[in-house]
Amino acid sequence: MPGVARLFTSDNASGVHPEVLAALERANVGDAAAYGGDAVTARAVARVRRHFGEEAEVLFTFGGTGANVVALAAVTRPTDAVLCAASSHLWKDECAAPERFLAAKLLPIETADGRLDPESVRRHLVAERGVHQSRPRVLSITQATEWGTLYRAEEMAALAELAHAHDVLLHVDGARLANAAAALDVPLAALSRDVGADVVSFGGTKNGLLGAEAVLFLRPGLAHDAPRVRKQAMQLASKMRFLAVQIEALLTDDLWLRNAGRANAMAARLADRLAGVPTLDLAQPVETNAVFLRVAPDRLAALCAGTGLAVWDPESSIVRCVASFDTTQEEVDAFAERVRTALV
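Start counting the sequence shown at 2; every next residue gets the next number (our numbering).
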């Protein structure tokens with residue numbers, strides 16, 4: 002809307018891509034079988050499989066937390082444990098939804114930049130106390146991480162190999178998987194199927210959709226109970242075609258790549274425009290669509306008041322800025338000037 006300032010607080014604040022709205026309009030004609038028994042959903046599943054592998058079992062959900070819950074609940078028991086980064090969405094931002102619905106234990110692992118490495122994971126993979134301890138069942142990594150950083154394909158493959166050697170599954174929380182693939186200039190399969198991932202939560206809402214995600218089971222047999230898990234987790238849409246058509250649109254004509262690439266480029270531009278400001282620096286390298294700024298503590302309140310940003314890490318005086326699929330160069334430049342003005 003003209004005259005409305007761009008919010009750099011989150012890529013959830015952005016609107017819906019026009020191609021997605023057009024796809025929704027096309028799907029909104031006549032009746033269709035409910036709960037995914039329609040032609041649109043079948044087409045969307047086929048489209049997902051072109052990107053992630055023909056063997057993929059595909060379930061669509063409403064949102065990212067729901068996708069993670071369905072993905073993990075389908076492959077765990079209450080006696081199991083899920084390893085994840087202490088900064089992960091699973092641990093910090095899902096209000097214990099995974100633990101409630103899985104009835105399993107989350108085990109957070111501290112990281113410097115959101116990325117887990119084999120050494121930090123290895124010591125958690127064995128239930129040393131036998132029946133007195135939850136059994137490690139899933140290693141969950143976030144791509145891109147909550148700090149905007151990336152796992153290279155070989156790093157993901159190393160974690161998958163380590164996990165599988167201990168009979169542990171690799172789950173990829175891919176709320177921003179598109180941003181990671183765009184940044185690394187690789188197809189989506191290169192950061193999922195090809196590195197040995199077993200289960201993937203593939204995000205669309207943060208990349209131009211009205212609200213739709215996909216849960217992908219990439220190893221045969223893992224999805225056996227998943228459809229019922231999705232129903233029980235209240236993630237089964239009765240009018241499924243309206244979720245499915247969004248994913249279909251996202252994966253058609255490289256819309257996922259165009260959207261993610263633009264968001265990444267605008268984040269890089271913002272970091273460049275803020276270079277040299279004496280009262281702030283980058284807390285993490287800018288690898289995707291997020292920019293983390295470490296601000297002088299005495300200027301933090303003024304920055305948030307002047308820009309609408311929220312504090313990301315109060316102890317380290319860090320704020321997060323996020324670019325979206327429709328962020329423009331002019332909006333980046335205007336926002337950078339607001340940041341500079343707030344820090345004077």
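Glycine included, C-beta positions come from ideal geometry on N, C-alpha and C.
Under the rule that 16 or more other beta-carbon atoms within 10 Å means buried, what is Met241, buried or exposed? buried
Nearest-angstrom Cα separation, counted from Val70 out to Leu301: 35 Å
Let me confirm a value: His225 is counted as buried when at least 16 other C-beta atoms fall within 10 Å, else exposed. Which label applies? exposed
In three-state terms, what does DSSP make of Thr143? strand
Helix, strand or coil for His165 per DSSP? helix
Okay, do the stretch 57-64 and the stretch 227-238 touch, 3+ Cβ pairs below 8 Å being the bar? yes
Short Cβ contact (7 Å threshold) for Ala158 with Gly197: yes
Considering only their Cβ atoms, is the gap separating Ala272 from Val287 smaller than 7 Å? yes
Beta-ladder partner(s) of Arg321, from DSSP: Phe293
If you compare alpha carbons, which of Val323, Asp195 and Ala306 is closest to Leu294? Val323
Between Asp186 and chain B, is there a C-beta pair that is closer than 7 Å? Here chain B cannot be found, since the structure has a single protein chain.
Looking at the structure shown, is His172 part of a helix, part of a strand, or coil, going by DSSP? strand
Can you give the Cα-Cα distance for Asp299 and Asp282, rounded to whole angstroms? 14 Å
For Trp92, report the span of its beta strand (DSSP E) as first-last. Counting along the chain, Trp92 falls outside any beta strand (DSSP E), though it belongs to the alpha helix (DSSP H) covering His90 to Lys93.
Using CA atoms only, rank isn't needed, just tell me which of Arg123, Pro119, Ala215 and Leu178 is closest to Ala145. Leu178
One question on the structure: do Ala1 and Leu189 come within less than 7 Å of each other, judged by their Cβ atoms? What the structure shows of the chain is the stretch from 2 to 345, and residue 1 is not part of that stretch, so it cannot be assessed.
Three-state secondary structure assigned by DSSP to Trp257: helix
Quick check: what's the CA-CA separation for Ser121 versus His167? 15 Å
Just the C-alpha distance for Asp327 and Leu117, rounded to the nearest angstrom, thanks. 31 Å
What are the start and end residues of the beta strand (DSSP E) that includes Pro223? Sequence check: residue 223 is Leu here, not Pro. Leu223 -> no beta strand (DSSP E), and no H or E assigned at all.
Helix or strand or just coil, what does DSSP make of Cys85? strand
Between the stretch 303-318 and the stretch 9-27, are three or more C-beta pairs nearer than 8 Å? Touching, yes.
Looking at the secondary structure, which residues open and close the beta strand (DSSP E) in which Glu214 lies? Counting along the chain, the beta strand (DSSP E) containing Glu214 begins and ends at Glu214 to Phe218.
Which residues DSSP lists as bridging Asp114, in chain order: Answer is none; Asp114 lacks a bridge partner.
Judging by CA-CA distance, which residue of Leu344, Ser325 and Ile319 is the nearest neighbour of Trp148? If we check each option's Cα against that of Trp148, Ile319 comes out closest.
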